[in-house]
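Beneath this line is the structure, given in structure tokens, with notes to follow.
2 protein chains.
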Amino acid sequence: MSAFSPFNPLVCAALTDLYQITTVYAQWKAGKHEQPAVFELFFRKCPFGGEYAVFAGLQEVLGLLSTFHFSAEDIAYLREQIPYAEDAFFDWLSTVNADAVEVYSMREGEIVFPREPLMSVRGPLFLGHLLETPILNLVNFASLVATNAARIRGVVASGTRLIEGGLRRAQGPDGALSASYYAHMGGFDSTSNVLAGRMFRIPVGGTFPHAFVSSFSGLEELSLDGEFSGKKSARDFVDAVLRNRRLWGFEATNSGELAAFIAFAMAHPKRFTALVDTYDTLRSGVPNFLCVAAALWNLGFRSLGIRLDSGDLAYLSKEVRVMFQDKTSEIPHAEYFQIVASNDLNEATLLSLQAQGHAIDSFLVGTNVVTCEGQPAFGGVYKLVEIEGRPVIKLSENLIKTTLPGAKQVYRLSNKEDTPLVDILVPWGDPAPVAGHAFLCRHPFEETRRMQVTPHGVRQLLEKVWDKGTIVEARPFNLADARNFVKFGHTQLREDHRRPLNPTPYKVSVSAPLYDRLHKMWQEAKPIEMIE
Amino acid sequence: MSAFSPFNPLVCAALTDLYQITTVYAQWKAGKHEQPAVFELFFRKCPFGGEYAVFAGLQEVLGLLSTFHFSAEDIAYLREQIPYAEDAFFDWLSTVNADAVEVYSMREGEIVFPREPLMSVRGPLFLGHLLETPILNLVNFASLVATNAARIRGVVASGTRLIEGGLRRAQGPDGALSASYYAHMGGFDSTSNVLAGRMFRIPVGGTFPHAFVSSFSGLEELSLDGEFSGKKSARDFVDAVLRNRRLWGFEATNSGELAAFIAFAMAHPKRFTALVDTYDTLRSGVPNFLCVAAALWNLGFRSLGIRLDSGDLAYLSKEVRVMFQDKTSEIPHAEYFQIVASNDLNEATLLSLQAQGHAIDSFLVGTNVVTCEGQPAFGGVYKLVEIEGRPVIKLSENLIKTTLPGAKQVYRLSNKEDTPLVDILVPWGDPAPVAGHAFLCRHPFEETRRMQVTPHGVRQLLEKVWDKGTIVEARPFNLADARNFVKFGHTQLREDHRRPLNPTPYKVSVSAPLYDRLHKMWQEAKPIEMIE
């Protein structure tokens, strides 16, 4: 595949921190910039109190790599910012592209765990630096949203539809667009966002806003002239609705609301759906919906259902379901009416609704899935692990911040049922674990924690995706495939690893040679001195 | 001013919820879409536990209005999504632009409060709907970041510099770009983001990453051939550094780190700055920095300072300051060396640092300012308040969700010192409060809370910014002006309203006629029935 572009036109080489450029200048001056280096992207802790994450953003990273260069405008700007730097540096920088690196990566949508490399960037030192910030930007938010969506997907029943509707509260236009994309990848069924639907072919949907209801003051606003649906006049249709209303004793409902429902039904007879909570859900909204749905049914149209946007969703949905069932003799498909619920839903409220019991078919989740309020940043980091073949370690008093030195490959060992047992990191180039053969898995830091695993299956997780200028086509990308892959991976994971509350940590171990390398470097490092 | 574009190329009419389109179709079918309507944008509660917010996003909204249309691709996509809608509708929709509305708005950077309209969109009903979602998207995130930045600015001492460095953790490329822009507007001095610097002329800055330090294993890596700064050879410079190291008893410092500092200094002698915590801040990083800075000073170069990225920032900064002061006889400008601190800083850690005392000159804030983890969404909403001259109310059992009916203008009443006293909402077209004359300010919901205010100053807050196709040029926009305006507004605000913890609510009152309208409509509304 030749060059392709990232979907976001703002993705470019200049989307970086200035210090990457000043650093590269220092390397270039020192004649060090071409040294072969390996950088790895990983994270230290799963978001949302969980024990897994969903890796995402690869496709945009490939777009970045394919189009990576500094424009003339960038170069002019950088000259201004580093006015003392040599002209030859800028001449060279303006020729830089991403052709000199190889990138290995987890697959888009892979279920991933702390401390394992998700991407490995192999090539000249300076390119590793130049790619750091934009790659982190593209992977961090994508993985955060995909993980959030997968968790929400895991909380609701499997037949329940999830609609993403966070555009108005999202972090800017692209915050919204990325969120729609990665929420779909993580397991949401559709979005309210038209642009996301158009660009990514995600199914779009929605009902109507409260303002549509409150814009009608009464039935006198409806124009009764003209045809409706080629079968009856508009007047006949309104009469039929009002007949149902009288017959069923629903005359106390709000007439402005009823007018709005009639107007919506006349425009969308095949997809009639109503927002029922503007005045009083059970006393006005649902009765008005039923009057209109019955009149539509007499003309042969099946209505879709209603949306609840306030109140006690568990209670209301069950009451509404009973009201629907009471009308199945008049509207045979009433038992199939869908109940969509919204109103600041998040993982915790969804868990609580599942526990209480409800009669909701679809949840519309807005703010929470796009802003990830439970933890609005995915802590992906990108570290130099090897230079000129020399493993690099970053020691820290904080153990979680100590890095595993040297380039590493990751293998996922699984049992007969294809359930992942452990992910194992081995030094790059070391032999892979072999199915049916025992492999010693060590905890990276704790000497006593070791286990022999004889895997039934072994899968290499880092695959080459960018080969010095070319996208490796082994896995042609498709959003639906990535979405299925997330679903599959999520299902494969042992239930106790993926449960929402207090999950069991999944093991990420190191091979014996990696353990030895780490501890040797640790011992060789100068101990931190006690300061009196 | 004629058409201008939003800085984000993704801002367009299709950046909306599908239900806005289906709603407009229903209105169009009902012949209702051209009814004159007023929508207002407001929020219900200040973010971050505060009692004020900073309004932002206007400039992008004007870009949206200037370019508002559905492209041929949008129309084709919408036809697919609503296949039963009439061709005439799509023909009409493809001609729609924003010329039919007037938009009144608060000024970019205005200090604002809950329940007051921040924008008022006046025009045909359908345009109010079509503009809702993109306007909310553009205002919500912008106001959130600007508010967050202003709060952080308010916490640190006035001379302290604030650097935004959240690109790698931001919500996608535009999440980052918008964050850099609005963080600067809210009071940050600079950003690490090159693209934001280039596009918006925000000052950019930074030091260098840990990877630059760990990429050097020792002094032997430095190439000693060639000139340095046209005065001395590179070898002479390194010798001078090593002489200082011996002289000052710093020979136990890490040599790889020292090599990195020397390489950076040789590339950036006029702006030498060092990240000092890779190995041991006080035993290695700062001593190495001093050795290099002294050698640079001998060549006439003043170094800038150091960055701390881990450990106890209060303690370390004070120790580092002492180490700098100890060297003022050798490096006269050492007392001016800057200490930059970073490491997951947020409002709470900054407050704590201020309370403890520290010697830090600049804070680099990343994740927190761009993701606004304290509250990652600004709850701006956009409601229909008037249609065909009829005020619309949205009642709710939840008082905070009840809207104030009818279009409203906002005035800020202030005292002799220009300190804002109260914001007052009056029905659109009603006379403004007059300086020197008593004005009755009522609490919107509580009958007993009334006060007479005789303002010294009266300022109308909603000004026309978009006049049916034209941007009103009364306030030509400039980021620096908006930033100064935030600063000015923040300073004007009474200290107890803006303090970070437990601030006093600022009063937003209604005029007597607005109070009467609200309560009359409340009384006329059907009471909610008790469900047995």
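If you're matching them up, the sequences are chains L and F in order.
Read in order, the letters of the first sequence correspond to residues 171 to 702 in this note's numbering.
Read in order, the letters of the second sequence correspond to residues 171 to 702 in this note's numbering.
Glycine is no exception: its CB is placed at the ideal position from the N, C-alpha and C atoms.
Burial state of F/R495 (16 or more Cβ within 10 Å): Residue 495 of chain F sits at position 325 when you count from the first residue of the second sequence. The amino acid occupying residue 495 of chain F in the given sequence is Gln; Arg does not appear at that position. Exposed, since its Cβ has fewer than 16 Cβ neighbours within 10 Å.
Starting from F/R416 and walking both ways along the alpha helix (DSSP H), at which residues does that stretch end? Within the second sequence, residue 416 of chain F is the residue found at index 246, counting from 1. F/R416 -> alpha helix (DSSP H) spans 404-417.
Output needed for F/K440: all residues of its chain with C-beta closer than 7 Å, excluding positions within five of it in sequence on either side, in chain order. Numbered from its first residue, the second sequence carries residue 440 of chain F at position 270. Result list for F/K440: F471, in chain order.
Alpha carbon to alpha carbon, how far is F/G376 from L/G342? Give it in angstroms, no decimals. Counting from one through the first sequence, the residue named residue 342 of chain L turns up at place 172. Counting from one through the second sequence, the residue named residue 376 of chain F turns up at place 206. Distance between the alpha carbons of L/G342 and F/G376: 25 Å.
For the stretch 586-598 of chain F, which residues have a CB atom closer than 9 Å to at least one CB atom of chain L, in sequence order? none
Within 10 Å of its beta-carbon, does L/A327 have 16 or more other beta-carbons around it, so buried, or fewer, so exposed? Taking the first sequence and counting its residues from 1, the one referred to as residue 327 of chain L is at position 157. With fewer than 16 Cβ atoms within 10 Å of its Cβ, L/A327 is classed as exposed.
Interface partners of L/H380 on chain F, CB under 7 Å: Position 210 of the first sequence, counting from 1, holds the residue named residue 380 of chain L. By Cβ distance, chain F contributes K564.
Using 7 Å as the limit for Cβ to Cβ distance, is L/I322 near chain F? Within the first sequence, numbered from 1, the residue matching residue 322 of chain L stands at position 152. No, L/I322 lies away from the interface with chain F (no Cβ there is under 7 Å from its Cβ).
Straight-line CA distance for L/E204 to L/R292? Translated into positions along the first sequence, residue 204 of chain L becomes position 34. Translated into positions along the first sequence, residue 292 of chain L becomes position 122. One C-alpha to the other measures close to 12 Å.
If you scan the stretch 498-532 of chain F from start to end, which runs of the beta strand (DSSP E) of 3 or more residues do you find wholly inside it? 508-511
For F/N516, does the count of other Cβ atoms within 10 angstroms reach 16, so buried, or fall short, so exposed? Sequence index remark: in the second sequence, residue 516 of chain F carries index 346 (1-based). Burial call: buried.
Against L/C182, what residues of chain F qualify as contacts under a CB-to-CB distance less than 9 Å, listed in chain order? Within the first sequence, the letter at position 12 stands for residue 182 of chain L. Residues of chain F passing the Cβ test: P343, L365.
Within 7 Å (strictly less), CB to CB, does L/S175 reach chain F? Taking the first sequence and counting its residues from 1, one reaches residue 175 of chain L at position 5. No, no contact with chain F.
Spatially closest choice to F/L211 from F/A246, F/E302, F/H239, by CA coordinates: Position 41 of the second sequence, counted from the first residue, corresponds to residue 211 of chain F. The option with the nearest alpha carbon to F/L211 is F/E302.
Starting from L/D244, find everything on chain F with Cβ-Cβ shorter than 9 Å and list it in chain order. In the first sequence, the residue the question calls residue 244 of chain L occupies position 74. Near L/D244 (Cβ distances below 9 Å), the residues of chain F are V364, L365, R368.
Find the residues of chain L that neighbour F/Q508, judging by a C-beta separation of less than 7 Å, and give them in chain order. Counting from 1 along the second sequence, the entry for residue 508 of chain F is found at position 338. Listed along chain L is no residue with a C-beta nearer than 7 Å to that of F/Q508; the closest approach is about 15 Å.
Tell me whether the beta-carbon of F/F311 lies closer than 7 Å to the beta-carbon of F/Y552. Translated into positions along the second sequence, residue 311 of chain F becomes position 141. Translated into positions along the second sequence, residue 552 of chain F becomes position 382. Between F/F311 and F/Y552, the gap from beta carbon to beta carbon reaches 7 Å or more.
Where does the unbroken beta strand (DSSP E) through F/D651 begin, and where does it stop? In the second sequence, counting from the first residue as 1, residue 651 of chain F sits at position 481. Not the beta strand (DSSP E): F/D651 falls in the alpha helix (DSSP H), residues 649-662.
Which runs of the beta strand (DSSP E) fall wholly inside the stretch 315-372 of chain F and span at least 3 residues, in chain order? Counting only runs of 3 or more, we get 331-334.
I need the DSSP call for F/D450, collapsed to helix, strand or coil. As a position in the second sequence, residue 450 of chain F is number 280, starting the count at 1. Reduced to three states, the DSSP call for F/D450 is coil.
Helix, strand or coil at F/F209 [DSSP, three-state]: By 1-based counting over the second sequence, the position of residue 209 of chain F is 39. Here F/F209 sits in strand by DSSP.
Determine the extent of the beta strand (DSSP E) in which L/F548 is found, giving its start and end residues. Position 378 of the first sequence, counting from 1, holds the residue named residue 548 of chain L. Here L/F548 belongs to no beta strand (DSSP E), and DSSP marks it neither H nor E.
In this structure, how does DSSP classify L/F609 when only helix, strand and coil are distinguished? Numbered from 1 along the first sequence, position 439 holds the residue referred to as residue 609 of chain L. L/F609: strand per DSSP, three-state reduction.
Of all the CB atoms in chain F, is at least one closer than 7 Å to the CB of L/D359? Residue mapping note: residue 359 of chain L aligns to position 189 of the first sequence, counting from 1. It does not; no Cβ of chain F falls within 7 Å.
Enclosing alpha helix (DSSP H) for F/L483 [first to last residue]: What you label residue 483 of chain F is simply residue 313 of the second sequence in a count that begins at 1. Taken as a continuous stretch (DSSP letters only), the alpha helix (DSSP H) holding F/L483 covers 483-495.
I need the straight-line Cα distance from L/L412 to L/F459, nearest angstrom please. Along the first sequence, one-based indexing puts residue 412 of chain L at 242. Along the first sequence, one-based indexing puts residue 459 of chain L at 289. Separation of L/L412 and L/F459 (C-alpha to C-alpha, rounded to the nearest whole angstrom) is 12 Å.
Check the Cβ of L/V374 against every Cβ in chain F and list those closer than 8 Å, keeping chain order. The residue labelled residue 374 of chain L in the question sits at position 204 within the first sequence. Under the 8 Å cutoff, chain F gives L188, Q251.
Does DSSP put L/A183 in a helix, in a strand, or in coil? If you number the first sequence from 1, residue 183 of chain L lands on position 13. Here L/A183 sits in coil by DSSP.
Using a Cβ cut-off of 9 Å, which residues of the stretch 291-309 of chain F contact any Cβ in chain L, in chain order? L295, G298, H299, E302, T303, P304, I305, L306, N307, L308
For the pair the stretch 347-356 of chain L and the stretch 567-585 of chain L, tell me if three or more CB-CB distances fall below 8 Å. no
Taking CB distances under 7 Å as the criterion, tell me whether F/A433 reaches chain L. For the purposes of this step, residue 433 of chain F is taken as the residue at position 263 of the second sequence. Yes, its Cβ sits closer than 7 Å to a Cβ of chain L.
With burial defined as no fewer than 16 other Cβ atoms inside 10 Å of the residue's Cβ, what is the status of L/R321: buried or exposed? As a working note, residue 321 of chain L is residue 151 in the first sequence. Buried, by the Cβ-count rule.
With a threshold of 6 Å on Cβ separation, who are the neighbours of L/S172 within its own chain once the five nearest residues in sequence on each side are excluded? What you label residue 172 of chain L is simply residue 2 of the first sequence in a count that begins at 1. The predicted model places L/S172 with a pLDDT of 38, which falls under 50 and marks its position as unreliable; any figure quoted below should be read in that light. Cβ neighbours of L/S172 beyond the five flanking positions: none.
I'd like to confirm something about F/T640: is its beta-carbon nearer than 6 Å to some heavy atom of the ligand ADP, or not? No copy of the ligand ADP appears in this structure; indeed no ligand is present at all.
Using the rule of at least 16 other Cβ atoms within 10 Å of the residue's Cβ for burial, across every protein chain shown, is L/H438 buried or exposed? On the first sequence, position 268 is the one that residue 438 of chain L refers to. Classification of L/H438: buried, given that the 10 Å Cβ count is 16 or more.
Cβ-based burial, F/R668 [other Cβ within 10 Å; buried from 16]: Working through the second sequence from its first residue, we reach residue 668 of chain F at position 498. Buried is the call here.
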